[in-house]
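Since the structure comes first, as structure tokens, the remarks are kept for the end.
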Amino acid sequence: MVNYLLQSALVLLVLFVFYRLVLHNQPGLLYNRIYLLLAPLVALIIPLLELPFSFQTVLPTANVIPAIQLQEVQVTAYGPTPAAETPLFSINQLMLLLYSMVGLFLLIRLGIQMVRIRIMAAAASPLPAPDSAATVLKTENQAPSFAFLHYVFLGDMQHLSPQEQQQILLHEIAHVRLRHTYDVLYYEILTALLWFNPLVWLMKEELRNVHEFQADAEVLTNCQPQEYSSLLAKEALFMAGIPVGSYFQKPQVFRRLRMLQLHGQPASKTRLFLALPVILLLLLAFSANKVSADITPNVEEPASLTELLITAPARKAGIPVGNQQQAGIAQDAAEAIVKPAATETASTVKKEDFKNVKPAVTIPPSEEEFPGEKPYTYVEQMPKFKGGEGEMMKFMGRNIRYSKDAQEAGTEGLVVLTFVVDKEGGLQDIAVVKSLHESLDKEAIRVVEKMQGQWSPGRQNGVAVPVRYTLPVRFAIK
Numbered sequence: 002m003v004n005y006l007l008q009s010a011l012v013l014l015v016l017f018v019f020y021r022l023v024l025h026n027q028p029g030l031l032y033n034r035i036y037l038l039l040a041p042l043v044a045l046i047i048p049l050l051e052l053p054f055s056f057q058t059v060l061p062t063a064n065v066i067p068a069i070q071l072q073e074v075q076v077t078a079y080g081p082t083p084a085a086e087t088p089l090f091s092i093n094q095l096m097l098l099l100y101s102m103v104g105l106f107l108l109i110r111l112g113i114q115m116v117r118i119r120i121m122a123a124a125a126s127p128l129p130a131p132d133s134a135a136t137v138l139k140t141e142n143q144a145p146s147f148a149f150l151h152y153v154f155l156g157d158m159q160h161l162s163p164q165e166q167q168q169i170l171l172h173e174i175a176h177v178r179l180r181h182t183y184d185v186l187y188y189e190i191l192t193a194l195l196w197f198n199p200l201v202w203l204m205k206e207e208l209r210n211v212h213e214f215q216a217d218a219e220v221l222t223n224c225q226p227q228e229y230s231s232l233l234a235k236e237a238l239f240m241a242g243i244p245v246g247s248y249f250q251k252p253q254v255f256r257r258l259r260m261l262q263l264h265g266q267p268a269s270k271t272r273l274f275l276a277l278p279v280i281l282l283l284l285l286a287f288s289a290n291k292v293s294a295d296i297t298p299n300v301e302e303p304a305s306l307t308e309l310l311i312t313a314p315a316r317k318a319g320i321p322v323g324n325q326q327q328a329g330i331a332q333d334a335a336e337a338i339v340k341p342a343a344t345e346t347a348s349t350v351k352k353e354d355f356k357n358v359k360p361a362v363t364i365p366p367s368e369e370e371f372p373g374e375k376p377y378t379y380v381e382q383m384p385k386f387k388g389g390e391g392e393m394m395k396f397m398g399r400n401i402r403y404s405k406d407a408q409e410a411g412t413e414g415l416v417v418l419t420f421v422v423d424k425e426g427g428l429q430d431i432a433v434v435k436s437l438h439e440s441l442d443k444e445a446i447r448v449v450e451k452m453q454g455q456w457s458p459g460r461q462n463g464v465a466v467p468v469r470y471t472l473p474v475r476f477a478i479k
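See the structure below:
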């Protein structure tokens, strides 16, 4: 969820920066209005999409030899553990509670504002309206004129001439005809849901400015820009504490005066269409989030589906470090070995599978022990432990021990080993590719070494060949 919110915020940031650089204070007000209304939705949707194609990326696999994944061995220690005090609320629960309380507060505030407007409408005196779409009401207090839904509230305008009063009335009626209130309510709900994202608040303010520019443009069809500019400069700039209304008086009066100078100029089509490549790039960046791995095992035919699916993360995580090799195995991948994967595909894995990989340093397998022939990952006749894999699991269970120092330290987790069953059935190249604790690593290696002489070699085309395996061993305390 956190990753989704971060991706959504990044998309919205790009869209907002594009608006400020390309569309801000430009003609094409209807386009700007639509852009600001859709931008938050686009930001919420793009991270959820998954394009039906992926970038073909060849990932290096140098010094990391693919291996067949054996079933995970579970080692459990039972004993007294110090009782930890469970907090009343977890961090996640507290964050969720804070989020809900702020969102609820904003929604309640919106409801109170709408009730106040309803009370004002009931107490106001009706006036003749030049447009049937609006209900014009005269308020008794000093509140500025504003519009909400189909209501136009006219405040104290005694200091204005009849012509200026008419211009203000036309401005507020324009808000009604253009249905600006619905945009305002839409953004009020968005800010209640996404209050933690400052970009939503900034875009809401930009939309309110566009509303004012649109209403100003409607008034200019009936008067001269110079006259209307004089009215804007003359009118007091203040708010009445009901921010869901569309006010004639706004602090952005200088921006409105500047926009009046652009009245009648055509919008640049180039600027308008620039949003399309931006959205396309965002789609490619956040939705085409799969990577095709170049998995080429050292065999004439592909390894089994389950084997490739499990070993791909370990191979992908290989990072050269001097003369050594860091190899990490994703936690999810290691746990997946106990689940059948017969209906899954191994050609594609998600990038998210490797985000939290914690690599462990190990010496790369030596090729000198297998002159002229690298270990296979799949052969016609696989190596066998005496009695089968089930007996091997029993052997591990009888011989492996949970070291006392690891238990006292409360160390739990996964150790992953790799080894090669050579042409004679011996075990070679036993090494840890995912370390957990020094004593647990040594214990896992010790037990694997005890398997010497209990394997029969694998064969390809009737010839004995070396085959590489990986073995996960999970240590847990209960």
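Just so you know, we're using the numbering used here here: the sequence shown kicks off at 2 and counts up by one.
Note that CB positions come from ideal geometry on N, CA and C, so glycine has one too.
For clarity, every value in this text was computed on a predicted model and none was experimentally measured.
> Can you give the Cα-Cα distance for A144 and D157, rounded to whole angstroms?
Replying inline: In a straight line, the C-alpha of A144 is about 7 Å away from that of D157.
> Could you check where the alpha helix (DSSP H) with P278 kicks off and where it finishes?
Replying inline: For P278, the uninterrupted alpha helix (DSSP H) segment begins and ends at A276 to F287.
>> Does A268 come out as helix, strand or coil in the three-state DSSP assignment?
In response: A268: coil per DSSP, three-state reduction.
> Distance, Cα to Cα, H181 vs A134?
Replying inline: In a straight line, the C-alpha of H181 is about 13 Å away from that of A134.
> So P28 packs on P226, CB below 8 Å; how close in whole Å?
Replying inline: Taking a contact as a CB-CB distance under 8 Å, the pair P28 and P226 does not count as one, their CB atoms being some 14 Å apart.
>> Judging by CA-CA distance, which residue of G411, K424 and N462 is the nearest neighbour of H438?
In response: Nearest option by C-alpha distance: G411.
> Looking at the structure shown, is T222 part of a helix, part of a strand, or coil, going by DSSP?
Replying inline: In the displayed model, T222 falls within coil according to three-state DSSP, outside both helix and strand.
>> Could you check whether S436 and S404 sit closer than 8 Å to each other, using their CB atoms as the reference points?
In response: Against a cut-off of 8 Å, the Cβ pair of S436 and S404 comes out as no contact.
> Hey, how far is the Cα of G446 from the Cα of L277?
Replying inline: One point to set straight first is that residue 446 is Ile, not Gly, in the sequence displayed. Answer to the nearest angstrom: the Cα atoms are 57 Å apart.
>> DSSP three-state label for I431, please.
In response: The DSSP-derived three-state label of I431 is strand.
> Between the C-alpha atoms of L415 and K479, what's the straight-line distance to the nearest angstrom?
Replying inline: L415 and K479: Cα-Cα distance of roughly 15 Å.
>> I'd like the span of the alpha helix (DSSP H) that includes Q168, first residue to last.
In response: From DSSP, the alpha helix (DSSP H) with Q168 extends over P163 to R178.
>> Can you tell me whether I66 is buried or exposed? The criterion is at least 16 other CB atoms within 10 Å of its CB, across all chains shown.
In response: For I66, the predicted structure reports a pLDDT of 47, less than 50, and the residue's modelled location is therefore unreliable. A value from the coordinates is still provided. It counts as buried.
>> From the DSSP secondary-structure annotation, give me the bridge partner or partners of T420.
In response: Reading the sequence as shown, one finds Phe at residue 420 and not Thr. DSSP lists Y470 as the beta-bridge partner residues of F420.
>> Here's the rule I'm using: 16 or more other beta-carbon atoms within 10 Å means buried, otherwise exposed. How should T192 be labelled?
In response: Here T192 is buried. Its C-beta has 16 or more other C-beta atoms within 10 Å.
> Looking at C-beta atoms only, is the number of pairs between the segment 35-54 and the segment 2-14 that lie closer than 8 Å three or more?
Replying inline: A contact exists between the segment 35-54 and the segment 2-14.
> Since L428 and Q453 are thought to touch, with beta carbons under 8 Å apart, how far apart are those beta carbons, to the nearest angstrom?
Replying inline: Contact between L428 and Q453 holds: their C-beta atoms lie close to 5 Å from each other, under 8 Å.
> Which of helix, strand or coil does DSSP assign to S231?
Replying inline: Of the three classes helix, strand and coil, the one that applies to S231 here is helix, per DSSP.
> Is A84 buried or exposed, if buried means 16 or more other CB atoms sit within 10 Å of its CB?
Replying inline: A caution first: A84 carries a pLDDT of 49, below 50, which makes its placement in the model too unreliable to give a value.
>> Distance check for G104 and E141, CA to CA, integer angstroms please.
In response: When rounded, the distance between both Cα atoms is 33 Å.
>> Rounded to whole angstroms, what is the Cα-Cα separation between N26 and M260?
In response: Taking the straight line from one Cα to the other gives about 7 Å.
> Residue range of the beta strand (DSSP E) that Y514 falls in?
Replying inline: Since the first and last residues shown for the chain are 2 and 479, residue 514 lies out of range.
> Residues in its own chain within less than 8 Å of D184 by CB, not counting five upstream and five downstream?
Replying inline: Non-local beta-carbon contacts of D184 in its own chain, meaning distances under 8 Å to residues more than five positions away in sequence, involve R34, L38, L208 and H212 in chain order.
>> Here's a check: name, in chain order, each residue in its chain whose Cβ is nearer than 6 Å to the Cβ of K356, leaving out the five neighbours to either side.
In response: Only weak support exists for where K356 lies, its pLDDT of 46 falling under 50; the value from the coordinates is given anyway. Nothing listed; no residue qualifies.
>> Residues in the same chain with beta-carbon distance under 8 Å from Y20, minus the five sequence neighbours each way, listed in chain order, please.
In response: For Y20, where only same-chain residues beyond five positions count, the Cβ hits under 8 Å are N33, Y36, L37, A40, M204 and E207.
> Alpha carbon to alpha carbon, what distance is there between I280 and Y470?
Replying inline: Roughly 46 Å between the two C-alpha positions.
>> Using CA atoms only, rank isn't needed, just tell me which of Q382, Q262, L111 and V466 is closest to K375.
In response: For the residues Q382, Q262, L111 and V466, the minimum Cα distance to K375 belongs to V466.
>> Going by DSSP in three states, A123 sits in which element: helix, strand or coil?
In response: Shown here, A123 sits in a helix according to DSSP, grouped into three states.
> Would you call H176 buried or exposed, if buried means 16 or more other Cβ atoms sit within 10 Å of its Cβ?
Replying inline: Per the 10 Å Cβ criterion, buried.
> Taking the DSSP output, what are the residues bridged to F1?
Replying inline: Not covered by the structure: residue 1. The range shown for the chain is 2 to 479.
> Mapping DSSP to helix, strand and coil, what is A410?
Replying inline: Note: A410 maps to coil in three-state DSSP.
>> DSSP has Y377 in a bridge; who is on the other side?
In response: DSSP output for Y377 lists V468 as bridge partner(s).
> My guess is that F420 and V449 are in contact by the Cβ rule of under 8 Å, so how many angstroms apart are they, rounded?
Replying inline: Yes, F420 and V449 are in contact; Cβ-Cβ is about 6 Å, under 8 Å.
>> Along the chain, where does the beta strand (DSSP E) containing L138 start, and where does it finish?
In response: Counting along the chain, the beta strand (DSSP E) containing L138 begins and ends at T136 to K139.
>> Here's the rule: buried if 16 or more other CB atoms are within 10 angstroms of the residue's CB, otherwise exposed. What is V433?
In response: Flag for V433 reads buried.
>> According to DSSP, is F396 part of a helix, a strand, or is it coil?
In response: Under the three-state reduction of DSSP output, F396 falls in the helix class.
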